[in-house]
Each structure stands twice: as structure tokens, then as C-alpha cells.
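Q: Residue numbers (our numbering): 34 to 418. Even for Gly, the Cβ is constructed at its ideal location relative to N, Cα and C. Keep in mind the model is a prediction, meaning the values are calculated, not measured.
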């Protein structure tokens, strides 16, 4: 079943013409839904992938990103696309609550289009969310030199805080990477402010186990790929896999290089003895070459431990000397990890962004008990008033 939190975010929507829609009235007393009322016009495409596209929409000076996913066709529902849709809506609704504000991309509402018009044939789910004009971390790293350690420390602090909330609520992100970390504020005008996005692969975990995974290979933990050098022969922990992905992300931010470049190819991952040997030894010398501190090297090294049980957790990470150094620097932050400098900017709906790419479905986490879609299908629920 779709949760009440998701249903409360449904937006009453009318298609006016090609690329133009209207939310006549807010169908929820929630302020975020009320703020979406009015006529929105589609502008440029911000990104597209196997499971849909992201478009910039404007209503006067206000901007938002709208992720559009095809979840059905003229001849019935497609369950393989319904599941990621449900998953993303549930996760975004959960972490759009006020207590998490500033750490995750905010969702403003959703609606469905059925057939015809500018949305092609079939059924599409549209999710209105934040648009951050500064882009994502992947794009930033491609266009700039490696980040300073103090900036990477701030990145680590904020992402660890976000993962801490997710893991505490028994969620795992499952596709953490620079492209899924948005930049909401940047020096010198403000302190760094990052937010996690793209929850299409996220899921509430009960048993913490995995039966299949086809995420972004470059950021996958070795146990997900079943490397033979691992001693633990058990179902991988998705939370530990998130922490590995964080380690790869921080390593790239400091060096603009992947710690194990062979991970760019799945065939190398599965077949290369050289990779297996290299992955068993953390390449800390690359961090030292760029002047990373001993604490930074140790922190990232503990995230990139081959054995998942040996890695730092989201609970233990804030107690590491490197993150404690950031905490003692006196940076003032408000609710949800926001800096006071960026709190005012967040109140406006005119500074939102969506990632350049959209990750498709990539395997399924097992959950005990595993929720099943009702027989009438997700599309029927979405259309219900």
C-alpha cells in the first residue's frame, strides 16, 4: 500500500497545453503543496536516463525540477517500473520532513498523467522537487581542481549525517555517488551545503540483506560483487555498502581519481586478479600525494575496508578524529545540518536542481516482511482521489 504521507503529497493537476500544466488548488493542507498552486511551464531538460527524464519548470521567478517516469503503457501496468516509483515516493516523503530539512532534496508533490499530449503515450509519474542551480558534485569535480581537505571534510560531515538518519530509519541509499549529491550553497558567498537526492534505488530494509544489485559499478562495495578475497560469506549489509560508496566519493573529491580505477568495468571487477589484489590494499599513498592529513587518510581508509564488518558505520563515523576536527571548528548549523548562512536561501523555491542523470532500477533489496503491491496495481492507487 502507498503510505498516507505519499498520498498527502498528491497534487491536483490539469494539462493546459504542450509543456504547460496547472495546479488549480492545493489538495493538501501542507504548506509545500499550497506553494505549488498555479501555472507551471516546462523549460529545458536537465537530464534523462532509462527510467525517465528531469525537466526544469518555472512559475514566474519560482523554479522546480520535475522527474517524469513512465510506469505504465496503453496495455496495462509495468510492475518493474511501479516498484522503483513507489520506492522513490516513499523515501522522498519520509526524508522531506522538517527534521531532515537541509540534508535531502525536498519533494513538493507528485501527479500522474495518462496518455496523449506532451508526455507521450502511456502513464507517467511526475515528482516535483528542488532545483539547485549549482548542480551536482560530479559536475563540480569535472570542472574544478580537486577539493581542499577542509571542503571534503564538510562534505563528509553532511553526507554522514544524512546517511545516519537513513540508516537509523532502516533505509539504505544504495546508489550514493557524486551525481546524487547536490550542491545547494558554495563558498565564498556561503558555507558548503550538500543534499542527497535520487532515491529510486533506496528502500526500507528490515533484514539488511541483498539478493541482487546492479547499481553504479564504480561505487559498488566489493561484497556486492562477491569478490573472492572477502572472508565473510554472508548476505551483504546495505548500510555498509553505503559507507563504501561514501569512501569512494570522498577519495574522488580529494584526488579526482577513483581509488580502484578497474572498477569502471564490470568485467574487470569479476575477472581481474590484479583488481582483487589492489582492492585488498587501500591506496592511501594517492591521498598523501595531494597533501591529505593523516586523519583524512585514516577515515577514508576505514570506509574502504574490503570487509564490510571492518568499515566505519554512520554511527561511529562522527566520532572519528577527522570529523571531530570539523565539529570543533565552530561552524554554526541549524536544523537538519543547515548553516545559518544558507537557511534564508532555503526558504525560497527558486533555487532547486535535479541530477544530470537518473539511475534506473538495479536489483532488489530483500525485506522481511516484503511488501507487495495490491492486486489492482499502483497506477489505480495513484489515480484515486
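Applying the criterion that 16 or more other CB atoms from any shown protein chain within 10 Å of the CB defines a buried residue, is residue 201 buried or exposed?
A: Taking the first residue of the chain shown as position 1, residue 201 is located at position 168. So residue 201 ends up on the exposed side.
Q: Between the alpha carbons of residue 70 and residue 57, how many angstroms are there, rounded?
A: The residue given as residue 70 occupies position 37 in the chain shown. The residue given as residue 57 occupies position 24 in the chain shown. The alpha-carbon atoms of residue 70 and residue 57 are separated by roughly 6 angstroms.
Q: What residue does the beta strand (DSSP E) around residue 214 start on, and which one ends it?
A: Residue numbering aside, residue 214 sits at position 181 when the chain shown is read from its first letter. Segment 214 to 218, the beta strand (DSSP E) holding residue 214.
Q: Which residue comes first and which comes last in the alpha helix (DSSP H) that contains residue 318?
A: Counting from 1 along the chain shown, the entry for residue 318 is found at position 285. From DSSP, the alpha helix (DSSP H) with residue 318 extends over 317 to 322.
Q: Do residue 136 and residue 195 have their C-beta atoms within less than 9 angstroms of each other?
A: Along the chain shown, one-based indexing puts residue 136 at 103. Along the chain shown, one-based indexing puts residue 195 at 162. Yes, the Cβ-Cβ distance between residue 136 and residue 195 is below 9 angstroms.
Q: Below 8 angstroms on the Cβ atoms is my contact criterion, and I expect residue 146 with residue 156 to pass it. Report the Cβ-Cβ distance as a whole number of Å.
A: Translated into the one-based positions of the chain shown, residue 146 becomes position 113. Translated into the one-based positions of the chain shown, residue 156 becomes position 123. Correct: roughly 7 angstroms between the Cβ atoms.
Q: Kindly indicate which three-state DSSP category residue 43 falls into: helix, strand or coil?
A: For this step, residue 43 is matched to residue 10 along the chain shown. The answer is strand: DSSP assigns residue 43 an E or B state.
Q: Expressed to the nearest angstrom, what Euclidean distance is found between the alpha-carbon atoms of residue 206 and residue 275?
A: As a first step, residue 206 is located in the chain shown; it is residue number 173 there, counting from the start. As a first step, residue 275 is located in the chain shown; it is residue number 242 there, counting from the start. Taking the straight line from one Cα to the other gives about 7 angstroms.
Q: Following a CB-centred definition, is residue 96 positioned closer than 8 angstroms to any heavy atom of the ligand SAH?
A: What this structure holds is no ligand at all, so the ligand SAH is not there to describe.
Q: Please classify residue 280: does DSSP put it in a helix, a strand, or coil?
A: For the purposes of this step, residue 280 is identified with residue 247 of the chain shown, where counting begins at 1. Reduced to three states, the DSSP call for residue 280 is helix.
Q: Expressed to the nearest angstrom, what Euclidean distance is found between the alpha-carbon atoms of residue 125 and residue 358?
A: On the chain shown, residue 125 is found 92 positions in, with the first residue counted as 1. On the chain shown, residue 358 is found 325 positions in, with the first residue counted as 1. Roughly 31 angstroms between the two C-alpha positions.
Q: Give the range of the beta strand (DSSP E) segment to which residue 257 is assigned.
A: Mapped onto the chain shown, residue 257 falls at position 224. Here residue 257 belongs to no beta strand (DSSP E), and DSSP marks it neither H nor E.
Q: Just to confirm before moving on: does the CB-CB distance between residue 123 and residue 203 stay below 9 angstroms?
A: For the purposes of this step, residue 123 is taken as residue 90 along the chain shown, with counting starting at 1. For the purposes of this step, residue 203 is taken as residue 170 along the chain shown, with counting starting at 1. The answer is no: Cβ separation not under 9 angstroms.
Q: Residues bridged to residue 138 by DSSP?
A: By 1-based counting over the chain shown, the position of residue 138 is 105. BP columns for residue 138 are empty, so no partner.
Q: Could you tell me the boundaries of the alpha helix (DSSP H) in which residue 202 lies?
A: By one-based count along the chain shown, residue 202 stands at place 169. From DSSP, residue 202 is part of no alpha helix (DSSP H); its letter is neither H nor E.
Q: Since residue 287 contacts residue 178 with CB under 8 angstroms, what's their CB separation in whole angstroms?
A: Here residue 287 is taken as the residue at index 254 of the chain shown, counted from 1. Here residue 178 is taken as the residue at index 145 of the chain shown, counted from 1. Not quite, the Cβ-Cβ distance comes to about 11 angstroms (not below 8 angstroms), so this is no contact.
Q: Using the beta-carbon count (16 or more within 10 Å), is residue 324 buried or exposed?
A: Along the chain shown, one-based indexing puts residue 324 at 291. Exposed, since its Cβ has fewer than 16 Cβ neighbours within 10 Å.
Q: Starting from the Cα of residue 167, find the closest Cα among 216, 284, 347, 85 and give me that residue.
A: Counting from one through the chain shown, the residue named residue 167 turns up at place 134. Ranking 216, 284, 347, 85 by Cα distance to residue 167 puts 216 first.
Q: Beta strand (DSSP E) containing residue 35: first to last residue?
A: Within the chain shown, numbered from 1, the residue matching residue 35 stands at position 2. From DSSP, residue 35 is part of no beta strand (DSSP E); its letter is neither H nor E.
Q: Using the rule of at least 16 other Cβ atoms within 10 Å of the residue's Cβ for burial, across every protein chain shown, is residue 90 buried or exposed?
A: Residue 90 sits at position 57 when you count from the first residue of the chain shown. Residue 90 is buried by the Cβ-count criterion.
Q: If the criterion is Cβ atoms closer than 9 angstroms, does the pair residue 160 and residue 102 meet it?
A: As a working note, residue 160 is residue 127 in the chain shown. As a working note, residue 102 is residue 69 in the chain shown. The answer is yes: Cβ separation under 9 angstroms.
Q: Is it right to say residue 361 is buried, meaning 16 or more other beta carbons lie within 10 angstroms of its own, or is it exposed?
A: Locating residue 361 in the chain shown gives position 328, counting from the first residue. By the neighbour-count rule (16 or more Cβ atoms within 10 Å), residue 361 is not buried but exposed.
Q: Report the three-state DSSP secondary structure of residue 56 (helix, strand or coil).
A: Counting from 1 along the chain shown, the entry for residue 56 is found at position 23. Looking at residue 56 - three-state DSSP - the assignment turns out to be strand.
Q: Assign residue 226 to one of three DSSP states: helix, strand, or coil.
A: On the chain shown, residue 226 is found 193 positions in, with the first residue counted as 1. Of the three classes helix, strand and coil, the one that applies to residue 226 here is strand, per DSSP.
Q: DSSP three-state label for residue 348, please.
A: If you number the chain shown from 1, residue 348 lands on position 315. Residue 348: coil per DSSP, three-state reduction.
Q: Spell out the partners DSSP gives residue 161 in its beta bridges.
A: Within the chain shown, residue 161 is the residue found at index 128, counting from 1. Note: residue 161 sits in a beta bridge opposite 99, 142.
Q: Report the rounded CA-to-CA distance for residue 219 versus residue 96, giving the unit in angstroms.
A: One-based indexing of the chain shown puts residue 219 at position 186. One-based indexing of the chain shown puts residue 96 at position 63. If you take the alpha carbons of residue 219 and residue 96, they lie about 19 angstroms apart.
Q: Assign residue 132 to one of three DSSP states: helix, strand, or coil.
A: Locating residue 132 in the chain shown gives position 99, counting from the first residue. Residue 132 falls in the helix class under three-state DSSP.
Q: Specify the secondary structure class of residue 166 as computed by DSSP and reduced to three states.
A: Within the chain shown, residue 166 is the residue found at index 133, counting from 1. In the structure shown, residue 166 sits in coil (DSSP, three-state: anything other than H, G, I, E or B).
Q: Straight-line CA distance for residue 291 to residue 256?
A: As a position in the chain shown, residue 291 is number 258, starting the count at 1. As a position in the chain shown, residue 256 is number 223, starting the count at 1. If I take the Cα positions, the gap works out to 18 angstroms.
Q: Quick check: what's the CA-CA separation for residue 258 versus residue 345?
A: Within the chain shown, numbered from 1, the residue matching residue 258 stands at position 225. Within the chain shown, numbered from 1, the residue matching residue 345 stands at position 312. Distance between the alpha carbons of residue 258 and residue 345: 20 angstroms.
Q: Out of 72, 355, 199, 285, which has the shortest C-alpha to C-alpha gap to residue 132?
A: The residue you call residue 132 lines up with position 99 of the chain shown. Checked all of 72, 355, 199, 285; the closest Cα to residue 132 is 199.
Q: In angstroms, rounded to a whole number, what distance separates the CA positions of residue 184 and residue 47?
A: Counting from one through the chain shown, the residue named residue 184 turns up at place 151. Counting from one through the chain shown, the residue named residue 47 turns up at place 14. So the two alpha carbons sit approximately 44 angstroms from each other.
Q: Where residue 336 and residue 175 are concerned, what is the direct C-alpha to C-alpha distance, given to the nearest angstrom?
A: What you label residue 336 is simply residue 303 of the chain shown in a count that begins at 1. What you label residue 175 is simply residue 142 of the chain shown in a count that begins at 1. Distance between the alpha carbons of residue 336 and residue 175: 23 angstroms.
Q: Going straight from the alpha carbon of residue 318 to that of residue 252, what length do you get?
A: Within the chain shown, numbered from 1, the residue matching residue 318 stands at position 285. Within the chain shown, numbered from 1, the residue matching residue 252 stands at position 219. C-alpha separation (whole angstroms): 20 angstroms.
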